[in-house]
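Engineer:
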Ligand code: KIV
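In this note's numbering, the protein residues as written are 891 to 1162.
#1: What would DSSP say about residue 981, mapped onto helix, strand or coil?
#2: Can you list, in chain order, the residues of its chain whose CB lies under 8 Å from that of residue 899, leaving out five sequence neighbours each side?
#3: Say whether the region 1080 to 1092 touches the region 1036 to 1055, bearing in mind that this needs 3 or more beta-carbon pairs closer than 8 Å, one atom from each stretch.
#4: Counting beta carbon pairs with one atom in the region 955 to 962 and one in the region 982 to 990, are three or more of them shorter than 8 Å?
#5: Give me, in chain order, the residues of the same chain whose beta-carbon lies closer than 7 Å to that of residue 971; leave out the 5 immediate sequence neighbours on both sides.
#6: Under 8 Å between the Cβ atoms of residue 997 and residue 1068?
#7: Decide if residue 968 is buried, meaning its Cβ has at least 16 other Cβ atoms within 10 Å, or exposed.
#8: Return the first residue and the last residue of the alpha helix (DSSP H) that residue 1104 is part of.
#9: For ligand 2, any of its heavy atoms closer than 7 Å to the Cβ of residue 910?
#10: With a CB to CB cut of under 6 Å and the five nearest residues on each side skipped, what residues in its chain are close to residue 891?
#11: State yes or no: is the C-beta of residue 949 nearer than 7 Å to some heavy atom of ligand 1?
#12: Grouping DSSP H, G and I as helix and E and B as strand, with all else coil, what is residue 1032?
#13: Looking only at C-alpha atoms, which of 949, 917, 950, 933 sits nearest to residue 939?
#14: Across which residues does DSSP place residue 915 in a beta bridge pair?
#15: For residue 1114, which residues of its own chain have a beta-carbon under 6 Å away from its beta-carbon, when the five flanking residues on both sides are left out?
#16: Specify the secondary structure class of residue 1003 as computed by DSSP and reduced to three states.
#17: Since I believe residue 1004 is in contact with residue 1021 (beta carbons under 8 Å), could you give me their beta-carbon distance rounded to a whole number of angstroms?
#18: Starting from residue 1117, trace the beta strand (DSSP E) both ways and give me its first and last residue.
#19: So, is residue 944 buried or exposed, given that buried needs 16 or more other C-beta atoms within 10 angstroms?
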């Protein structure tokens, strides 16, 4: 059962209420107008303009080269399309790590210039003051623990986090600290499912899992991954709900063949 009017924009209060009602929260990433409008028409709860933009749209190897200007540009496109989903903009590398003051200025730009309703940032207790600073200014923050891709070099690769007792304990403590600092929700990326379950039980804000099992309060996937846009590599946690890579190639090959043989455009697609 939905917790709110179908046609109005979801707020962080709706999202928090879904956890108390036991209603699963759905999140997908989007980076452009067309995908955003499709997700919104399907009644997705939240759209994350992830800095995964760097890898799936801009062709970088990591999320590290993504800039504020990249994120603002794509958040604007997503926001123009989505009228019902809560839109969260990912804060790119070095936009929030330097100081809480700089983080607030950058977070504010996403609401003021790009029409997002919330921001996301990666990291634990070391960003508690930053989360507090941003939320105190009235900007909702989604936190992000576990595998945090902006720290890829420090983590030594894209590896499951929190497998050992001490690191699991640290993630649980970080989750509590971030809730206390004012985060309205928490992404848990690539951690064991039992750890995600324990965190989801220990905090009152919703957990949104990606590679964190079924016990999270909601799920997020990178839209290009779940649509099967890439064929080279599929991480274990990604389920492909479509194979657009194949669909697109089939369509493009058919187009090329029809143009070459002169069967496109036919009379139906030509003007008299
Ligand atoms: O950048 C992103 O898309 C993300 C999700 C994977 C949570 O941070």
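Glycine is no exception: its CB is placed at the ideal position from the N, C-alpha and C atoms.
If you're wondering where the values come from, they're calculated on a predicted model, not measured in any experiment.
Structural biologist: Answer, in terms of the structure:
#1: Locating residue 981 in the chain shown gives position 91, where the first residue counts as 1. In the structure shown, residue 981 sits in coil (DSSP, three-state: anything other than H, G, I, E or B).
#2: Indexing the chain shown from 1 puts residue 899 at position 9. Within the same chain, residue 899 has close Cβ partners 973, 974, 975, 976, 1007.
#3: yes
#4: yes
#5: Here residue 971 refers to the residue found at position 81 of the chain shown. Counting only Cβ-Cβ distances below 7 Å, and skipping sequence neighbours, we find 923, 926, 927, 930.
#6: Counted from its first residue, the chain shown places residue 997 at position 107. Counted from its first residue, the chain shown places residue 1068 at position 178. No.
#7: Residue 968 sits at position 78 when you count from the first residue of the chain shown. Residue 968 comes out buried.
#8: Your numbering for residue 1104 matches position 214 in the chain shown. From DSSP, residue 1104 is part of no alpha helix (DSSP H); its letter is neither H nor E.
#9: Absence of ligand 2 from the depicted structure is noted, with ligand 1 being the only ligands included.
#10: Within the chain shown, residue 891 is the residue found at index 1, counting from 1. Any reading at residue 891 is ruled out, since the residue's pLDDT is 48, under 50, leaving its predicted position unreliable.
#11: Along the chain shown, one-based indexing puts residue 949 at 59. No, Cβ of residue 949 sits at least 7 Å from all heavy atoms of ligand 1.
#12: By 1-based counting over the chain shown, the position of residue 1032 is 142. Residue 1032: strand per DSSP, three-state reduction.
#13: One-based indexing of the chain shown puts residue 939 at position 49. Nearest C-alpha to residue 939: 917.
#14: Looking up residue 915 in the chain shown gives position 25. DSSP lists 1108 as partners of residue 915.
#15: Numbered from 1 along the chain shown, position 224 holds the residue referred to as residue 1114. Closer than 6 Å at Cβ, skipping near neighbours: 946.
#16: Sequence index remark: in the chain shown, residue 1003 carries index 113 (1-based). Looking at residue 1003 - three-state DSSP - the assignment turns out to be coil, as it is neither helix nor strand.
#17: What you label residue 1021 is simply residue 131 of the chain shown in a count that begins at 1. What you label residue 1004 is simply residue 114 of the chain shown in a count that begins at 1. That pair is no contact at about 20 Å.
#18: Numbered from its first residue, the chain shown carries residue 1117 at position 227. Neither: residue 1117 is in no beta strand (DSSP E) and is coded neither H nor E.
#19: If you number the chain shown from 1, residue 944 lands on position 54. Buried, because 16 or more other Cβ atoms sit within 10 Å of the Cβ of residue 944.
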